[in-house]
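K.L.:
Below: one structure in structure tokens.
Numbering (my numbering), first residue to last: 2 to 191.
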């Protein structure tokens, strides 16, 4: 496995765990308690807090802050300038560090540019959050979510293509993976 690549302007605090093959670009700060997997990429001006877990092969684009209490599983994509929060009711004069709410982004999920993920929710496997959307509740696996607040518009394949919306068994028009699509679920078939 190749070594990590850290740009000379990146700050990697002592104690941070960074997996092999990970690349960290300009003006990025990874705090001491962060645990980052292998083959990840962190773009320019990214912040990674202490209580953050990042799986393998995660892509974090420019200007993203991953605050404490966020977990990104393997193969997650975070688009440019998307936002995670960790407190529901912040006030400058009130310390709420003991009130952080955990956010989990499951394997293979995509969060589009400028989207906001309000803390305390889980984004399901291979879900797709559209650019500029605001996630205010849990997101089912494979769901395509858009809007403010984000609402389910349809379902997405693991390969990133939109699936038919009709209930029943359907194949992805690009990769041919088959799915059972119901009113509130999308399940891959063997």
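Even glycine gets a Cβ: it sits at the ideal position worked out from N, Cα and C.
(1) Which residue comes first and which comes last in the beta strand (DSSP E) that contains residue 181?
(2) Residue 125: buried (16+ other C-beta within 10 angstroms of its C-beta) or exposed?
(3) Determine the closest residue to residue 49 out of 32, 60, 133 and 14, with distance taken between C-alpha atoms.
(4) With a cut-off of 8 angstroms on the beta carbons, I'd call residue 116 and residue 88 a contact; round off their distance for me.
(5) If you draw a straight line from the alpha carbon of residue 106 to that of residue 169, how long is it in whole angstroms?
(6) Whole angstroms are fine: how far does the CA of residue 56 sit from the CA of residue 24?
(7) Could you please give the first and the last residue of the uninterrupted beta strand (DSSP E) stretch that includes residue 161?
(8) Please identify the residue among 64, 90 and 142 whose C-alpha is closest to the C-alpha of residue 114.
(9) In chain order, what are the residue ranges of uninterrupted beta strand (DSSP E) at least 3 long that sit wholly in the segment 37-93?
(10) Let me confirm a value: residue 149 is counted as buried when at least 16 other C-beta atoms fall within 10 Å, else exposed. Which label applies?
(11) Residue 145 bridges to which residues according to DSSP?
(12) Between the beta-carbon of residue 30 and the beta-carbon of residue 12, is there less than 9 angstroms?
(13) Buried or exposed: where does residue 164 fall if 16 or more other Cβ atoms within 10 Å of its Cβ makes it buried?
(14) Can you give the Cα-Cα distance for residue 145 and residue 183, rounded to whole angstroms?
(15) Assuming contact is defined by CB atoms lying nearer than 9 angstroms, are residue 9 and residue 22 in contact in what I supplied?
(16) Distance, Cα to Cα, residue 2 vs residue 155?
(17) Quick one: give me the first and last residue of the beta strand (DSSP E) that residue 172 is part of.
(18) Counting C-beta neighbours from all protein chains within 10 Å, is the total for residue 14 16 or more, i.e. buried, or is it exposed?
P.N.:
Checking against the coordinates, here is how it stands:
(1) 179-182
(2) buried
(3) 32
(4) Their Cβ separation, rounded to whole angstroms, is 18 angstroms, which puts residue 116 and residue 88 out of contact at 8 angstroms.
(5) Across the structure, residue 106 and residue 169 are spaced so that their CA atoms are roughly 27 angstroms apart.
(6) 14 angstroms
(7) First-last for residue 161: undefined, no H or E at that position.
(8) 64
(9) 53-55 and 71-73
(10) Exposed, by the Cβ-count rule.
(11) Answer by DSSP bridge pairing, in chain order: 129 and 155.
(12) Cβ atoms of residue 30 and residue 12: closer than 9 angstroms.
(13) buried
(14) 14 angstroms
(15) no
(16) For residue 2, the predicted model reports a pLDDT of 44, less than 50, meaning its position is unreliable; a value from the coordinates is still stated below. If you take the alpha carbons of residue 2 and residue 155, they lie about 38 angstroms apart.
(17) First-last of the beta strand (DSSP E) with residue 172: 169-172.
(18) With fewer than 16 other Cβ atoms within 10 Å, it is exposed.
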